[in-house]
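Inspection log for the structure reproduced underneath, given as structure tokens.
2 protein chains.
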Amino acid sequence: MKPYVYGIDIGGTSIKFGLFNRQLQLEKKWEIPTNSSNNGESIFGDIVDSIKMHTPDLSQIEGYGFGVPGPVLKNYVQMCVNLGWKNVDLQDRLRDELKNDHIVVGNDANVAALGEAFLGAAKGRKNVAMLTLGTGVGSGIVVDGRLLEGHNGSAGELGHLTIPQEQPIACNCGKKGCLETVASATGIRNIYHRLNEDFTGHSTLYDNDYVDSKAIFDAAKAGDKLAISVVDEAAYYIGYACHVLSVTTDPSVIVIGGGVSKAGEFLIEKVTNEFHRLVFQPTNDTVIVTAQLGNDAGIYGAAGLVKIRG
Amino acid sequence: MKPYVYGIDIGGTSIKFGLFNRQLQLEKKWEIPTNSSNNGESIFGDIVDSIKMHTPDLSQIEGYGFGVPGPVLKNYVQMCVNLGWKNVDLQDRLRDELKNDHIVVGNDANVAALGEAFLGAAKGRKNVAMLTLGTGVGSGIVVDGRLLEGHNGSAGELGHLTIPQEQPIACNCGKKGCLETVASATGIRNIYHRLNEDFTGHSTLYDNDYVDSKAIFDAAKAGDKLAISVVDEAAYYIGYACHVLSVTTDPSVIVIGGGVSKAGEFLIEKVTNEFHRLVFQPTNDTVIVTAQLGNDAGIYGAAGLVKIRG
């Protein structure tokens, strides 16, 4: 095996590059802006240029792993709305320029889960699931050390798990009541606005010009009743999603990442309590933890993908 | 490879034996009663005796696959309440008597899913899930042609998926509101008794001394309003479970088996409609079908296990 591996996380705003040694230790990282104009055609050249600029000798690179924001099946990118891509074969597009056949691709949320399983909060565990609670909700599932892709690349789409609720909110996907509408940063604001309608007391949140999910968590930690009721409801939904992951794929660790996870133990404890109310007893040893790699989970997981898809 | 394979399905009432050729065609099958007294200790000898009686030459047998009613991890049986077994290593118990090291074991519902994926309703598919709606609800998930076991053998426990409901019913597992309480044969009767309380019209079901799930399906097919409302509610729960399987493991086929599945297309059409209301659009090509192997799914899947765990 050659001494270096690239892990590259292609997002709608920026492309993150990580150069790793063969022990998957990060040697250096950087990022460039994503240019999604013209159906994202310039992304391929931008990636090649940036790699060449940072790599004196391409023959030292074992392979390149990529995470992309859309469904992927057997290294083939089906659709990335944020990049403008449709039916993209990254191996075909990059092989000649990089002089390398070892190019592997996964969905970004799946790859992040793999990163946490390899080197983050679930280090060394073989059966891991991850929920990334950001602007939306992503998820990834690792089974026996391998990424679960499903029959058409849509495994681990917990963001679009329908949660039976009295007042389901419309989701970008066209459905109503998806986990994403009540457990993402946006979703927590949705719950706040709904509960606020019937709330009769005073809330410290009323002093804010703009109430975001961080403000809600901060107020809840300080004892604000309205904020606590919002967090409790969100924790139930997240705990329910963990239960769904448990009865289907039975992970030993469920990792919670994304901006919402910055609420830390305050959130994890509530989610764990909800999970324990729902869990099938023989598998109640599953633990729920916060992510450790932050925004780097994608590059770590992408590099890991090079190792497992030799 | 030797010319024959055994697939053996150990149930609480009977042990089913199937002798297959190397193309996994069934050559002969039979069953014996299960003797679970004395912590199921005599089961091992009963199995060996029955195999020897039906097999002129044990050296012609490539291997033995087993399905057992409890969680299994890497061929190790953790617990089978119905058999009286706890921490049983079937390889250890049978290797010497059968003069064979190739002894593989899986959970019965998982193994049934594998049977339907290899040779039944989902023949040749690599990503398959199965719900067995009998007295309880079992389930199994096949990913890339392999059984999903999870970190402690509890993957595919959809029977204990909690369904958010207004009046959840107590389950044998100690929780309330499990899928099993509303989607098994018993569960469909539970829904009938609940809906009947508020039903004001006349139902043809009132003419029956005992209302079982078959009577409910027959009455619904004949247009009985109460029976239709029971079946519609059960179909929603089963459709929701299919949705949960879809957003987690993304199978191409979901197989519905067990006694309840005898309701056939009448049920499948309603379940499919509910599933399509909930499905994440990129994976709406998943099909829901009835099982084809009936009570033989277990022996087929157990024989298949010998092939995939070489």
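First to last, the protein sequences are chains A and B.
Residue 203 in the numbering used here is what sits at position 200 of the first sequence, and the numbering runs on without skipping anything.
Residue 92 in the numbering used here is what sits at position 89 of the second sequence, and the numbering runs on without skipping anything.
For each residue, glycine too, the CB sits at the ideal point set by N, CA and C.
Min CB distance residue i to chain A below 9 Å
i: Met4/B; result: no
i: Tyr243/B; result: yes
i: Thr203/B; result: no
i: Lys178/B; result: yes
i: Thr135/B; result: no
i: Thr289/B; result: yes
i: Gly156/B; result: yes
Buried or exposed by the 16-neighbour rule on C-beta atoms within 10 Å, applied to residue i
i: Ser264/B; result: buried
i: Tyr213/B; result: exposed
i: His196/B; result: exposed
i: Gly127/B; result: exposed
i: Trp33/B; result: exposed
i: Thr37/B; result: buried
i: Ser142/A; result: buried
i: Met133/B; result: buried
i: Lys102/B; result: exposed
i: His154/A; result: buried
i: Val84/A; result: exposed
i: Phe269/A; result: exposed
i: Asn90/A; result: exposed
i: Ala225/A; result: exposed
i: Gly313/B; result: exposed
i: Thr251/A; result: buried
i: Lys31/B; result: exposed
i: His57/A; result: exposed
i: Glu200/B; result: exposed
i: Tyr209/B; result: exposed
i: Thr16/A; result: exposed
i: Ser62/A; result: exposed
i: Ser187/A; result: buried
i: Ser157/A; result: buried
Chain A residues whose Cβ lies nearer than 7 Å to that of residue i
i: His163/B; result: Val250, Phe283
i: His246/B; result: Thr165
Contact list for residue i against chain A, beta-carbon separation under 9 Å
i: Gly153/B; result: Asn130, Val146, Ser249, Thr251, Thr252, Asp253, Pro254, Ser255, Thr286
i: Gly159/B; result: Val250, Thr251, Thr252, Asp253
i: Pro167/B; result: Ile166, Pro167, Gln168, Tyr243
Contact set between residue i and chain B, taken where Cβ atoms lie within less than 7 Å
i: Pro171/A; result: Simply none; closest approach about 11 Å.
Residue i: CB within 8 Å of a non-hydrogen atom of the ligand HEM
i: His279/B; result: Looking for the ligand HEM in the displayed structure turns up nothing, as the structure carries no ligands at all.
- Message: Please identify, using Cβ separations under 7 Å, the residues of the region 57-80 of chain B that lie next to chain A, in order along the chain.
- Response: Pro74
- Item | Segments of 3+ residues assigned as beta strand (DSSP E) that fall wholly inside the region 81-141 of chain B | 88-92, 106-110, 131-136
- Message: Can you pull out the residues from the region 220-236 of chain A whose beta carbon lies closer than 9 Å to at least one beta carbon of chain B?
- Response: none
- Message: Taking beta-carbon pairs under 9 Å, can you tell me which members of the region 264-280 of chain B lie near chain A?
- Response: Arg280
- Message: List, from N- to C-terminal side, the beta strand (DSSP E) runs of 3 residues or more that fit wholly inside the region 220-281 of chain B.
- Response: 256-260
- Message: Threshold first: 3 residues or longer. Then list the beta strand (DSSP E) segments lying entirely within the region 13-70 of chain B, N to C.
- Response: 17-24, 29-36
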